[in-house]
Amino acid sequence: MNLAWNTRRRRKQERLARISGLVRDGRFAASDAATVLQELIEPGDRVCLEGDNQKQADFLSRALATLDPARVHDLHLLISVIGRPEHIALFERGIASQVDFSYSGPQSLRLAQQVADGRVRIGAIHTYLELFARYFVDLTPDIALIAADEADAAGNLYTGPNTEETPTIAEATAFRDGIVIVQVNRIVDRCTRVDIPGDWVDLVVVADKPYEIEPLFTRDPELIDDVQVLMAMLVLRGIYERHRVRSLNHGIGFDTAAIELILPTYGERLGLRGEVCTHWVLNPHPTLIPAIESGWVRSVHCYGGELGMERYVAARPDIFFTGRDGSLRSNRAFCQAAGLYATDLFIGSTLQIDRDANSSTATLGRIAGFGGAPNLGSDPRGRRHSSVPWLEMTSSDEEVRRGRKIVVQLVETFQESGVPTFVERLDAVELGRSAGLPLAPVMIYGDDVTHVVTEEGVAYLYRARDIDERRAALAAIAGVTKIGLGADEGRTQALRSSGVVAFPEDLGVRRNEANRTLLAARSVRDLVEWSGGLYDPPKRFRSW
Amino acid sequence: MTAPLLLTESFAERGARERARALLDPQSFRELIGPFERIASPYLAAQGVVPQSDDGTVVARGTIAGVRACVVATDGRFLGGSIGEIGGAKIAGALELARRDAQRGAPTRLVLALDTGGIRLQEANLGILAVSEICDAIVALRELMPVIAVIAGRVGVYGGLSLSTALCSEIIVSEGARVGLNGPDVVETESGIEEMDSSDRPLIWGVTGGRLRFRQGFASELVSDDVPAIRAAVERAFQAPNELGPLVAQAFPDPRLERDDFLRAMEIEL
Amino acid sequence: MIETLTYEFVATQSVEHRSHVGVVASGNCEILLEPAADGRSAVVVRTSVNGFGGTWQAVLGRFFARNPVAVQIEINDFGATPAVVALRLEQALESAQ
Amino acid sequence: MSASVRGRAWFERLTGTARPVGGLPPSVLAADTTVDGHAVRAVAVVPDRSARFARARNGEMGIDEGFGVAAAVNGTPAGSAILAIVDVPGQAFGIREEAVGLQRALAASTQAYIRARRGGHPVLTLVVGKAISGAFLAHGLQGGWIGALDDAEIEIHVMSEAAVARVTRMERDDLARVAREIPATARDIRTFATFGAVDRIFAVSDPDAPSDADVAEVTRAFAEVLRTPELARRNPIERLDAPGALHTRALARRVRDELQAQWDV
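Residue numbers (this note's numbering), protein chains in the order written: chain S, 15 to 558; chain C, -17 to 252; chain E, 10 to 106; chain Z, -17 to 247.
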């Protein structure tokens, strides 16, 4: 047998040789981008395109979408977030025919159409960590198209506060002889700091304009309503205080923003500062500023950055992970790992929840995926360090026992326009069937959920003795949805007595106190003031 | 740890009734034609709009710094604080009664706490007539005593009531409030998005925001969104001289300049 | 257009004062609550969001099951969720007691 | 938008050879004339194709028009009446105007009319064309006596129909239906007159080019009013007592009565 052990390396050299005329000192011109990609990429390649939650390698994705499908076709696209129109154009034009991804929020409708039309096949809809993991096993990229703020002559990269998944993609590609191509905003003599070393990088191009970035984590406190304040009070008293939750992750909704904003007011009154919510795994949410400034927060590790928070974060290095240059260092892979293994609680919202507490934000006609929530909202069976809340979730007195992560779903019983959140069957089931997916796109499985909170109260599902009691507990707080109307009054009373269900009055939460005056900041302007002028919100959030 | 914001009492957060209560001395609030009298607009239901029992305008008597007073407040949350027949009559009526009191030598201090997008489209003809009466009544009352406007809500003042505001003796604005004749969406509809992009918030606040109105001298005070600060400003306003001279044009750049050059010449950030 | 719904409930308790909470703004509602004498409660709902008579019945039924107060209630609604309605009802009641 | 000729046509016919008042922007016409021996200063706002504010070239009330009308009215000679000739398609919808403070410019002319009327000048208004929104508030609606031509082109409202449709999210057809059912939303002069603010409606042969007879009729009406000048010194509140208003503005009257009853404890 004639064994060759370096075919990938040889193929890489051959490809690079094809474009040597266009490359000088590791760089090519923006105007040659399409030519370079066309020469380098071969049909059937696995191409990892950096489309993060926030930062987008949009110059390279636009160039990729212009290639001639007669020459470049049947690519297998690997991408965290299908977020831009040209991502869909890759399927429409026949350049890519297969995709593995995590989330497709803004393009979810068009993606579903492409699948229905047979132009693209979905491998799987992953969690972020799962997708990154596969880059190191069976989905190693042949080509990586990534984005950075700065490159120096040696190809060292500075990826700024929004480092997100860039190092993960680069590492998986570079160390298995894939080709790493970077679009940068500018070339510098010396990088602000080195986030990715130059010998992981093959080619650099200065983009026609700085990469696209979206402020996805800014929630305007003006839009938080009294019901969200009520639910925040229930969470604080019924879960954080009761279980002494110190390490946690919050979703990005207005309801969790409300929790962040009542820490310095309601939480302070409860004497919980320093006792709960000290260690966070979270993007730099502007709504966390008042809690940080009031001394609640010890540390925050971030998946990515947030536009406008740069100066504030840089001025709080005790709290945030920052480089020697002062700016935030984020890393989605590490942060997802931290959220999975090192936090005691995840809390987030959903659009639909069934009687077994399975939840999904998937709606018919859209294929959206869930990003990080399924990972963060799951119990890591490999955890081996203990904490008070983790142990409280199980009640075994056997010699060998384990604890459990607290996973909370926080929902109003109805969405606006009268659509119930509690449903007999998730739309995800029908969606999975119609899209030909092997699994219904469930965001968080009910058996991972320990608590559900609505405006009606808290269901302590982890305390339920059996599936029947679990369902009764959920129905007890499901309001006047069909599921809630099925609750038996006597049974609900019994569940309240045994502590499986708690209504606001059981937790000492007064509904009349639930109003916006409890919010430590009631506007973006207030957040700026809390930050001492360090927070610089994007234009669209300014109303003064 | 200091947290000054936790000590402030937001004015903008409150509804009209609570704003009126906040401007009057503690315990002195007495509402006239309150919600239980149910004088609500009869024109809205036929146009698919549920009416509010006070029509979005609250009239309250009480005292300010111990002196007889009346606060009229509009609620920007109900139909954008728009002024129809009832709200308009409440404002005009209060101004007329304050004038009667002043003529009788028992003056009532009058404060207009406005938060309104303008005349209510669903009652347009009645609204425009009411505003003409309000303008007349403000000028008439000003011949005898100051009329104070507090513009510190989330909407600010647009439309016909912006003329009424401009007629007041002293105008107190917050940074978050706006004062303009045409709302940004109306300018965009009538003159195009190149003229005004109604989604460009910094531009909107740049050309109509409280900060600019104060810089122009249109407003006499720029206040933070804090009840005690606004109360103090109101008291100062009643001490100020009540001069009723003609309104004359102030200097502005050549309007033939390109839009952005014009705005920059006015030191408006783009 | 506007839908008007009326409901009646049996009541055993009374309240002291009348109370007024809320505002007719998107996702919100205004509630006027007044003591009633005769051991019955009457509710009138005016709403711009049609077709939710059953949901109103359920929300109000639950409220009066927990608080069997003899009151006249008028609700002017602009698409409030059941959560908002329930909260405003509790607030109106607390202010009236 | 094609600029209307009516304002200028009526101004010229009614002022004849009277010398124009100087020092005003080209879009503001003013002249001192006499009607039946009574001194009258006529004021009109007209289109000016070369106005320096681009959004105020079709007869709209803009910055220069607001302050210009104010100057014209403030300069009225003692003892003279004022005649506001109204053909204003709206206020200027411009960002420059908003930045400068259009509300202040229109308040200037509003205040000028109010103080003139309250200072003893009879103020007459003749609506010959559109009378929209802030423009009408600032030029015409403060008149003590208001006359209008009986003509379908005359439109009184607070906003253009297109903008109303956008703001209320209603179709044009629905708006027209609502206008028939609810007079408060109508745009025509006859409906507006039912609210008691219009003292006289003139049937004329040609609103765009008034005939000698048209002018004579209108002038006759002015002379009548000026013989009883307090008719043109009535303050807006008095419109509530007009015969029509007793019914059409019953609610406004009731609110005032209630306020008065509850004013003092």
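The C-beta atom is built at its ideal place from N, Cα and C for all residues, glycine as well.
Kindly indicate if chain A contains any beta-carbon less than 8 angstroms away from that of residue i.
i	result
Val241(S)	Of the protein chains in the structure, S, C, E and Z, none is chain A.
Would a C-beta distance cut-off of 8 angstroms place residue i and residue j closer than the cut-off?
i	j	result
Arg559(S)	Val523(S)	The shown model of chain S, from 15 to 558, leaves out residue 559(S), and the question about it has no answer.
Pro235(C)	Arg34(Z)	no
Val7(C)	Gly44(C)	Strictly speaking, residue 7(C) in this sequence is Asp, with Val absent from that position. Against a cut-off of 8 angstroms, the Cβ pair of Gly44(C) and Asp7(C) comes out as a contact.
Phe334(S)	Leu217(S)	no
Ile153(C)	Phe220(C)	no
Ile157(S)	Ala184(S)	no
Ala376(S)	Asp269(S)	no
Ser46(C)	Leu103(C)	The sequence shown places Ile at residue 46(C), not Ser. No, they are not a contact pair.
Gly386(S)	Leu405(S)	no
Ala98(Z)	Val105(Z)	yes
Val535(S)	Pro229(S)	In the sequence on display, residue 535(S) carries Ala and not Val. Contact: no.
Ile276(S)	Val241(S)	no
Tyr225(S)	Ala71(S)	yes
Thr301(S)	Ala271(S)	yes
Val237(Z)	Trp127(Z)	no
Ser156(C)	Ala131(C)	no
Leu41(E)	His29(E)	yes
Ala74(Z)	Arg37(Z)	yes
Leu111(C)	Arg221(Z)	yes
Which residues bound the alpha helix (DSSP H) around residue i?
i	result
Glu185(S)	180 to 188
Asn389(S)	387 to 390
Asp155(Z)	154 to 163
Starting from residue i, trace the beta strand (DSSP E) in both directions and tell me its first and last residue.
i	result
His229(Z)	Note, His229(Z): premise wrong, no beta strand (DSSP E); alpha helix (DSSP H) at 225 to 230.
His299(S)	Per DSSP, His299(S) belongs to no beta strand (DSSP E) and is neither H nor E.
Ile201(S)	193 to 201
Tyr317(S)	First-last for Tyr317(S): undefined, no H or E at that position.
Gln112(S)	110 to 117
Thr16(Z)	10 to 17
Ala106(Z)	For clarity, residue 106(Z) is Leu in the given sequence; the question names Ala instead. Run containing Leu106(Z): 105 to 114, per the beta strand (DSSP E) assignment.
Taking the alpha carbon of residue i as the point to measure from, which residue in the options has its own alpha carbon closest?
i	options	result
Pro29(Z)	Ala(-9)(Z), Trp245(Z), Asp181(Z)	Ala(-9)(Z)
Asp14(Z)	Leu6(Z), Arg23(Z), Pro8(Z)	Arg23(Z)
Arg202(Z)	Ile64(Z), Asp18(Z), Gly101(Z)	Asp18(Z)
Asp190(Z)	Ala175(Z), Glu135(Z), Gln85(Z), Thr173(Z)	Glu135(Z)
Arg200(S)	Glu178(S), Gly174(S), Ala188(S)	Gly174(S)
Gly285(S)	Ile266(S), Gly309(S), Pro300(S), Leu321(S)	Gly309(S)
Leu(-12)(C)	Val538(S), Tyr549(S), Gly547(S), Leu533(S)	Leu533(S)
Arg152(Z)	Gly(-3)(C), Ala28(C), Arg3(C), Thr56(C)	The question names Arg, yet the displayed sequence has Met at residue 152(Z). The option with the nearest alpha carbon to Met152(Z) is Ala28(C).
Phe118(Z)	Val51(Z), Glu(-6)(Z), Arg215(Z), Ala161(Z)	Val51(Z)
Ala79(E)	Leu14(E), Glu17(E), Ser50(E), Glu103(E)	Ser50(E)
Ala46(E)	Ala20(E), Ile11(E), Ala74(E), Thr64(E)	Ala20(E)
Val3(Z)	Ala26(Z), Ser187(Z), Val186(Z), Glu240(Z)	Ala26(Z)
Ala234(Z)	Glu172(C), Ser146(C), Ile21(C), Ser181(C)	Ile21(C)
Val494(S)	Thr427(S), Gln112(S), Phe384(S)	Thr427(S)
| message | By the 8 angstroms beta-carbon criterion, what residues does the region 139 to 170 of chain C contribute toward chain S? | response | So the list reads Glu157, Gly158, given in the order they occur along the chain.
| field | Three CB pairs or more closer than 8 angstroms across the region 429 to 444 of chain S and the region 362 to 372 of chain S | value | Flag = yes, the region 429 to 444 of chain S and the region 362 to 372 of chain S touch.
| request: Inspect the CB distances between the region 138 to 158 of chain C and the region 87 to 104 of chain C and report whether three or more fall short of 8 angstroms. | output: Segments in contact, yes.
| query | Does the region 71 to 79 of chain C touch the region 26 to 41 of chain C, meaning 3 or more C-beta pairs lie closer than 8 angstroms? | reply | Touching, yes, given that three or more Cβ pairs across the two stretches are closer than 8 angstroms.
| said: Would the region 90 to 105 of chain S count as touching the region 54 to 71 of chain S if we require 3 or more Cβ pairs under 8 angstroms? | reply: These segments touch.
| task | Count the C-beta pairs between the region 129 to 143 of chain Z and the region 189 to 201 of chain Z that are closer than 8 angstroms, then say yes if the count reaches three, no if not. | result | Verdict: yes, contact present.
| What residues from the region 16 to 43 of chain E come within 8 angstroms of chain C, judged by C-beta to C-beta, listed N to C? | Answer set for the region 16 to 43 of chain E: Arg27, His29, Val32, Val33, Ala34, Asn37, Glu39, Leu41, Glu43.
| request: State whether the region 394 to 409 of chain S contacts the region 253 to 271 of chain S, with contact taken as three or more CB pairs (one from each stretch) at a distance under 8 angstroms. | output: Under the three-pair Cβ rule at 8 angstroms, the region 394 to 409 of chain S counts as touching the region 253 to 271 of chain S.
| message | Short of 9 angstroms Cβ to Cβ, which residues in the region 30 to 41 of chain C face chain E? | response | Within the region 30 to 41 of chain C, the residues whose Cβ lies closer than 9 angstroms to some Cβ of chain E are Gly30, Val31, Val32, Pro33, Gln34, Ser35, Asp36, Gly38, listed in chain order.
| task | Could you list the residues in the region 409 to 432 of chain S with a C-beta less than 8 angstroms from some C-beta on chain E, going in chain order? | result | Flagged, chain order: Glu426, Thr427, Phe428, Gln429, Glu430, Ser431, Gly432.
| task | Name, going along the chain, the residues of the region 55 to 82 of chain E whose beta-carbon falls closer than 7 angstroms to a beta-carbon of chain C. | result | Residues passing the 7 angstroms Cβ filter: Arg55, Thr56, Ser57.
| request: For the region 225 to 233 of chain Z and the region 116 to 124 of chain C, state whether three or more C-beta atom pairs, one from each stretch, are separated by less than 8 angstroms. | output: With the cut-off at 8 angstroms, the region 225 to 233 of chain Z and the region 116 to 124 of chain C do not touch.
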